[in-house]
Structure formats: C-alpha cells, structure tokens
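Number of protein chains: 2
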Amino acid sequence: MLPVQLEDVQNAAERLRGQVRRTPVFRDDSQAQRGVTLWLKAENLQHIGAFKARGALHAVGRLPPRVRDRGLVTYSSGNHAQAVALAASRFGIRATIAMPTDAPAVKVARVRELGATIEFAGTTSSERKKRAEAIARETGATIIEPFDHPHIVAGAGTATLELVGEVRARTDGAGLDALVVPVGGGGLLAGACVVCAAAGIDVYTAEPHGCDAMAQSLAAGTRVAVQPAPTLGDGLKPVRVGALNFEVARHVVRDSHRVNDSEMGAGLVHVLTRHKMLLEPSGAAALAVAMREQLPDSPANVGVLLSGGNVDPSTVARLLQEHA
Amino acid sequence: MLPVQLEDVQNAAERLRGQVRRTPVFRDDSQAQRGVTLWLKAENLQHIGAFKARGALHAVGRLPPRVRDRGLVTYSSGNHAQAVALAASRFGIRATIAMPTDAPAVKVARVRELGATIEFAGTTSSERKKRAEAIARETGATIIEPFDHPHIVAGAGTATLELVGEVRARTDGAGLDALVVPVGGGGLLAGACVVCAAAGIDVYTAEPHGCDAMAQSLAAGTRVAVQPAPTLGDGLKPVRVGALNFEVARHVVRDSHRVNDSEMGAGLVHVLTRHKMLLEPSGAAALAVAMREQLPDSPANVGVLLSGGNVDPSTVARLLQEHA
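Order-wise, the sequence lines are chains A and B.
Throughout the first sequence, residue numbering follows the numbering used here, covering 84 to 407 in sequence.
Throughout the second sequence, residue numbering follows the numbering used here, covering 84 to 407 in sequence.
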C-alpha cells in the first residue's frame, strides 16, 4: 500500500479549496498527426507562479495552531521559498527562509515582498539546511520540508487530481491514458503517482540529462545520489530525491525520460507562442518529453504538468531568439 | 436606450457556454500603495489568443443554418481573421479571409491551420473589404463584420460580464468600481459599456497616441476618422470606430486615455513576469492606463481587459530586454 493514499489527496483538495487556484487546463493539438492530444495543466498560473504553493499551504494548514504560531522556517533557493512565505503571510505568522548568498535578486525580492525574513547561508543546499535547522532549534519554528513529506505530497497531488477530473469531463469520460511529470525532489511526482495509480493512468518522468536522480534510483531499486550537471532546468536538480517520494514512485512510474536544454527551451517557446503562457525551463521538461516520445500502448490523451513559470527575463529573451 | 442591451449580452453568454473559455481573472496588487486593486481579465488565454473568438462565434452561431452553410467571408489582418476561421471550423463550414499581401507569415499560417482560405488583397483595409464584398456577392457567403455589429458587440461583452461577476464574488459583493478597456474598432468597448452601465461601473478607454479615433470622436460628439500613427499596438489602429460602438460608447464612457509604446511594453513585461502570461502590446494598453492614472472618485477595484496575446516573438524578446 502506498504511504500516501488517494483519500489524502482528496482531503488536501478539500482543505485547499479557495486557497489555491484551480489552474486552467489547455488542450494542445500539436501532436494530433500521431493521434495524441496533450492536456497541459498550467501550474505556472498558480499563486507564486508554481505548484509549490499547494504543498506549502497544505502542510502549513495542517500544523496545529499552537505549533504554527511559533513560525515557519525553510531552506530553498527557488519556488518553495516563495510558497512558504505565501503560506506564512496567509496565516499571519512569521517565516524565515535560508537562501544562498548568490540567490538571484529577483527571487530574494519576491520572498521579501511576501513578508518573510531571509537568512543568507552559504551557497550549497546543505549549508542552507543546517542554518534552517539551527533557526528551528533556537526559535521553535517548524521546518516546512521542500518535498519529502506526506502533507507536501498530498498537496502537490491536488494538481493532478484537478487535471484528471477535468480531462475526464472534457473527453466524455475517456480521460487521460498517461501523464508526464517533471521531477526534482519528487514531491509533484509522488502526488501524481497516488492519483494516477488509483485511476489506471500510466506515469512517466522527465528529468534533465545529468540531473536524473529519480531515473537512476528507479533503475537501481534504491535511492542514488547524483552530482547534478549544469542545466537550464534549475528547479530539477536536487542531489537526491525524497525517500517517501521514491517509495511511491518505484511502485507506479512506468518509464523515465531525460531532456536537454534545447528541448526545454523549445517547449517554453511553444507554450509562450501557442498558449500565451510563460514557463520556466523546468516547467517545460514534461512537455518536451510528451512532444518527443512515442509512449507505449499509443495513449490518446496525455497529461502534462507545467510546474512553474519563474524565470529570468533575459533567459526568456534568449530562448525566443533561439527557438521562435 | 442603448442599441445593445444587457439581456443581449446575457443571451450571448448562454449561447457561448462551452464554446469559449471562461478565462481566468488575476488579482494584481501592484497599485496597492495607492489603494487600488486591479483585476485582470485574461482574454489572451481565450481560444485563438484573443477576445475576438467571442464575437465571431456568437455572430456565426446566430446565422440561420441555411445562410451559414453558404460560408463565411471576412477581412482582417489580425485576430478577427483567426476568430472567423475558428468559427467556420467549429460549424464545419467554409471561410475565406481577405488578408493584406504583407501580412506576417505567422498570422497567415495560423489562419490556414484553422482551415480557412486566404485571399491576398492589397495592403489597405479598404482593398481587403472590397475583396471580401466581391467574394460575398459571388459565393453567397456571409460577411462577418470585425467589430460593428450587435452580435459581435454582445459576444465581446461576455468577457466583461464574466469579469464583473467574478470580481463581485471575490470581493464579497463589493465588485468593480471602474473598468479600463482597450479600443480599436470599439466592439470590446461597446460590449463593456452595456454591462457596466447596468452595473454602475465607470468605463475608461485606452488608445495608442495618434490612434485615438474613439477619444477624438467622443470629444467631437460625432465619429471622426484618423490617419493612424505608427504604434506597437497594431490591434488598435482602425481609421474609424464602428457606428454602433460609438453610439453606445458616447452614452457611457467617462473619460479617454492615450498610451505610448513604452507604456504598453512595460505593461506587457509586467504581466509576463508577474502573472506568467503573454500579451500583445495592444493587450497591455488598458493595463498601462490603470497603472498610471489616478481615476476619479478613487476607485478601489479596477477591472482591466487584457484583450489578446498574439505577438511576434522577436517583439517580446526586444521588450524584455528594454523593460525587464
């Protein structure tokens, strides 16, 4: 039995009602000639521009008020930092985020706008984590894990729950045959697996080449650490996937795929020009797989999680020049 | 009494149910320090990337089947061409679009993808219109006017109807105090005026400097033709606004505003970076006004129609470099 159940995701959806956006789903006919309709779940249009708002708001909402009122702390250089800052501001509590000293100014500014306190701590993930743990000990604040926690997974899973329900309604009950999910720490993937396992939908992963901690772990049958290679997909490069997330994924994922910078860039430009939405390169990884791969059993309806849209404008300008 | 009534817009909304997207509304707090919340209606996420799908689908749907089956014809270099092509493909009928010989390749390609036939006819609007009229005479096809028709206006008005209802729900009944609308031929404006007049919401216009046919007409009390100046807002430069649209607007519009290329560019970049959505420069004109003007009576909730997102990628790349 999976350590997170469909019922947990359904309960999370109930708790998150009105707190997160039910993001739109875009039908994409670019693969029609090979009989595939893509269904794009636009989590780039979620609060703070990424699906991370779901897990953080759910996890923080599940804390007992006495615990929650002592404040939150987390470590992140990316979207999870904004998600925790958002959750803290919604609950009117204090949040401290350990961020790298070389964090992009725009990310620092967004976290500050949401009212969180930033503590700069080195440049590596382990330095940030250590600082967050020290803050938690000193202040009694609760650490909100970025991806490896059942409440984070259940919250993230609500994106897939919405997608699956909407496609079923829009295809007269046929529904999705397969879903492609971008993988960093694996929280979004684990949530997707829980929903898809219950619905009989095949799950495929997308990771950047050289940042394939999940693919390597699935192949090895145990969690494997990688030295992440340079990639445009900066949201998809943890050293190691979550233990809980791996445990869920290894029972459900059908196959793993890898993408390169050029494919993510082309996916980003496709969504920008055809669907008028901005993705971050990580957010286009699953789409790149769905546009390239002939998946087994010829699925007619393939879901794609577009995970976020927080990207440096100069990167977008460059990708438009290269791919448009 | 206005020549188009609220009931006409409500009926159009009923007819369009399931045919157009109920586009999302984004709350924008960028003007919070002066006490203004902006509510952005994302018609760039509408089918074919612009609100024009609403008017065309409504107008074509209202044609008697015998008439409709003889085909459609229109003249447009822009979003209306795609909107009519979409409507024809939905109804399984033939459409011919008169387009300028210098139309951008991407616009020609999109119309062809939707299955319409293109007739190239000169470079001016009057040459295109003449060709369309000739085709209508020869084939019995019906001309679908780009903006000056009650069915087009009622269809376009459904965007405002959705916005007004959604903001009312999200503000515990307070609702919009004002709405800013971009104006080309004035169809979107006329539809907005019908809805806002009934709801007691002030309406303001946004036109590019030198393309202010509506502002000049409102000032003169009669329709005035302009020689449109060069502008980034290529969707907002007709020589003359629609007669019906002027008739509605002159009873309702509270004030007119003009924007320059730089303001539209900044608005485009704001929406791209903060809301993860792509606008065409025309689509950012009303936002530019809402971000700049202190409107009369200190409105707390200001609606903004983001009209479309069809823009050349190289323009986006340039604007990102200039404004991000």
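Just so you know, even glycine gets a beta-carbon here, dropped at the ideal spot from N, CA and C.
Does residue i have its Cβ less than 8 angstroms from a Cβ in chain B?
i: A/N127; result: yes
i: A/A400; result: yes
i: A/P379; result: no
i: A/G392; result: yes
i: A/P107; result: yes
So with CB distances below 7 angstroms, who are the chain B contacts of residue i?
i: A/P364; result: None at all; the shortest Cβ gap to chain B is about 13 angstroms.
i: A/M360; result: K359, M360, L361
i: A/G248; result: Correct list: empty, because the minimum Cβ distance to chain B is about 16 angstroms.
Once you ignore the five residues that flank residue i on each side, which residues in its own chain have a CB closer than 7 angstroms to its CB?
i: A/I176; result: R151, D152, G154, L155
i: B/A136; result: V103, Q129, H130, A166, L169
i: A/E228; result: I235
i: B/S172; result: L197, G198
i: A/Q88; result: V277
i: B/F174; result: V143, R151
i: B/R98; result: H141, G144
i: A/A215; result: V156, T157, Y158, A181, I226
Taking Cβ to Cβ, would you say residue i is nearer than 8 angstroms to residue j?
i: A/W122; j: A/V372; result: no
i: A/A166; j: A/A139; result: yes
i: A/L272; j: A/N127; result: no
i: B/R341; j: B/A302; result: no
i: A/V324; j: A/G268; result: yes
i: A/E346; j: A/G318; result: no
i: B/V309; j: B/A296; result: yes
i: A/G240; j: A/A369; result: no
i: A/V92; j: A/P382; result: no
i: B/A237; j: B/G274; result: yes
i: A/P183; j: A/T206; result: yes
i: A/A289; j: A/V264; result: yes
i: A/T200; j: A/A217; result: no
i: A/D395; j: A/P147; result: no
i: B/L378; j: B/A261; result: yes
i: B/M374; j: B/S113; result: yes
For a contact defined as C-beta to C-beta under 9 angstroms, what are the partners of residue i on chain B?
i: A/L271; result: The premise fails here: A/L271 is roughly 17 angstroms from chain B at the closest Cβ pair, so nothing lies under 9 angstroms.
What whole-angstrom Cβ distance do residue i and residue j have, given they're in contact under 8 angstroms?
i: A/L244; j: A/V278; result: 5 angstroms
i: B/G350; j: B/A133; result: Not really, about 16 angstroms apart at Cβ, beyond 8 angstroms.
i: A/L402; j: A/P86; result: Between A/P86 and A/L402 the Cβ distance is about 38 angstroms, and since that is not below 8 angstroms, they are no contact.
i: B/A407; j: B/V352; result: 5 angstroms
i: A/Y158; j: A/K212; result: 5 angstroms
i: A/A400; j: B/Q404; result: 5 angstroms
i: B/F109; j: B/H358; result: 5 angstroms
i: B/P313; j: A/P107; result: Going by Cβ atoms, the distance from B/P313 to A/P107 rounds to 35 angstroms, so no, they are not a contact pair.
By Cβ distance, which residues of its chain are closer than 8 angstroms to residue i, with the 5 residues on each side in sequence left out?
i: A/G258; result: V247, V250, R251, A282, I284, N384
i: B/I219; result: The question names Ile, yet the displayed sequence has Ala at residue 219 of chain B. The answer, listed in chain order, is V156, T225, I226.
i: B/D322; result: A small correction: the amino acid at residue 322 of chain B is Val; Asp does not occupy that position in the sequence shown. Once the five neighbours on either side are set aside, the close Cβ partners of B/V322 are S208, A296, A308, V309, Q310, P311.
i: A/S339; result: Y287, T288, E290, D295, M297, A298, L301, A302
i: A/H334; result: L85, C276, A280
Check the Cβ-Cβ distances between residue i and every residue of chain A, and say whether any is below 8 angstroms.
i: B/Q404; result: yes
i: B/A407; result: yes
i: B/P229; result: no
i: B/G118; result: no
i: B/P187; result: no
At 8 angstroms on the CB atoms, spell out the chain A contacts of residue i, in chain order.
i: B/L355; result: L361, P396, V399
i: B/G132; result: K359
Just to confirm my understanding: we take residue i, look at its own chain, exclude 5 residues before and 5 after, and list those with CB closer than 6 angstroms. What are they?
i: B/L315; result: D344, M347, P364
i: B/F329; result: S300, R306
i: A/H163; result: K135, P229
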